[in-house]
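Participant: My structure is below; once you've seen it, I'll send some questions.
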Amino acid sequence: MADYALATRGARIIPKMTSPTYTPNNRHPWRSALAQAFGIHPGSYRPSPLIALLPETHVGQCWPMEGANGTLGILLSEPISIKSVTMEYPTKEVSSNTSSAPQEFEVWGLRQVKVPAFTGVQWPWWGDTDAEHLGTFRYDTRLERSVQTFNVNSSEGTFEGVIFRVLSNWGHRSYTCLYRARVHGVPSV
108 MADYALATRG ARIIPKMTSP TYTPNNRHPW RSALAQAFGI HPGSYRPSPL
158 IALLPETHVG QCWPMEGANG TLGILLSEPI SIKSVTMEYP TKEVSSNTSS
208 APQEFEVWGL RQVKVPAFTG VQWPWWGDTD AEHLGTFRYD TRLERSVQTF
258 NVNSSEGTFE GVIFRVLSNW GHRSYTCLYR ARVHGVPSV
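Each step along the sequence shown adds one to the number in the numbering used here, with nothing skipped, and position 112 is 219.
Written as structure tokens, this is what we have:
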């Protein structure tokens, strides 16, 4: 199945519709400032949400979204009629801890991607008429399959983007790791 949320195919992150990236120093910004003042730069690597749109997945190579719930906004590589979505996370055999895996999540289709420059985002679950709830799903870490595909509620028309809205994870309080999110469907004619 073709993946229209693949960055190498042209998909992009919608920053205003994407949760903050978790960094261990988020809770204590003064520690970061103090470390930089003394020339200490621990953890200069900061993962990007774009990681969730890349084709390869390796243990530890995920986007840590701050908290146990949040959003990943994706501008698809082209408008499509969405048929299914896929979530990927390493199995317990490969990853010793799956508490940061998404558990319950929703998918919202965006008919048009409109991101206001100077005002807040109108979230679909607040009544945006250009969006459609495509389903609520459960990623199950107890299954042997690390790649799990979910059929969406049938929808009419095409979508330019999607929002993966993570409602819960498997117990990690600080962050939720998204390894790979995929969107499948039929391109508009």
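For each residue, glycine too, the CB sits at the ideal point set by N, CA and C. These figures come from a predicted structure and were not determined experimentally.
1. Could you give the C-beta distance for G268 and I121, rounded to a whole number, given that I count them as a contact under 8 angstroms?
2. Looking at L241: is its Cβ nearer than 8 angstroms to the Cβ of W170?
3. What distance in whole Å lies between the Cβ atoms of I189 and G292, which are believed to be in contact at a cut-off of 8 angstroms?
4. State the beta-bridge partners of E251 as determined by DSSP.
5. When DSSP labels each residue in this structure, what does K221 get in the three-state scheme?
6. My output table needs one value for K123: the three-state DSSP class, helix, strand or coil.
7. Could you tell me if A175 is buried or exposed, where buried requires 16 or more neighbouring beta carbons within 10 angstroms of its beta carbon?
8. Buried or exposed: where does P197 fall if 16 or more other Cβ atoms within 10 Å of its Cβ makes it buried?
Facilitator: Reading off the structure:
1. As a working mapping, residue 268 is identified with position 161 in the sequence shown. As a working mapping, residue 121 is identified with position 14 in the sequence shown. About 6 angstroms separates the two Cβ atoms, so the contact holds.
2. Position 134 of the sequence shown holds residue 241. Position 63 of the sequence shown holds residue 170. Going by C-beta atoms, L241 is not nearer than 8 angstroms to W170.
3. Numbered from its first residue, the sequence shown carries residue 292 at position 185. Numbered from its first residue, the sequence shown carries residue 189 at position 82. Rounded to whole angstroms, the Cβ separation of G292 and I189 is 4 angstroms, and the two are in contact under 8 angstroms.
4. Residue numbering aside, residue 251 sits at position 144 when the sequence shown is read from its first letter. BP columns for E251 are empty, so no partner.
5. Here residue 221 corresponds to residue number 114 of the sequence shown, with the count starting at 1. In the three-state reduction of the DSSP assignment, K221 falls in the coil class.
6. Here residue 123 corresponds to residue number 16 of the sequence shown, with the count starting at 1. Helix.
7. Locating residue 175 in the sequence shown gives position 68, counting from the first residue. Flag for A175 reads buried.
8. For the purposes of this step, residue 197 is taken as the residue at position 90 of the sequence shown. When all chains shown are included, P197 counts as buried.
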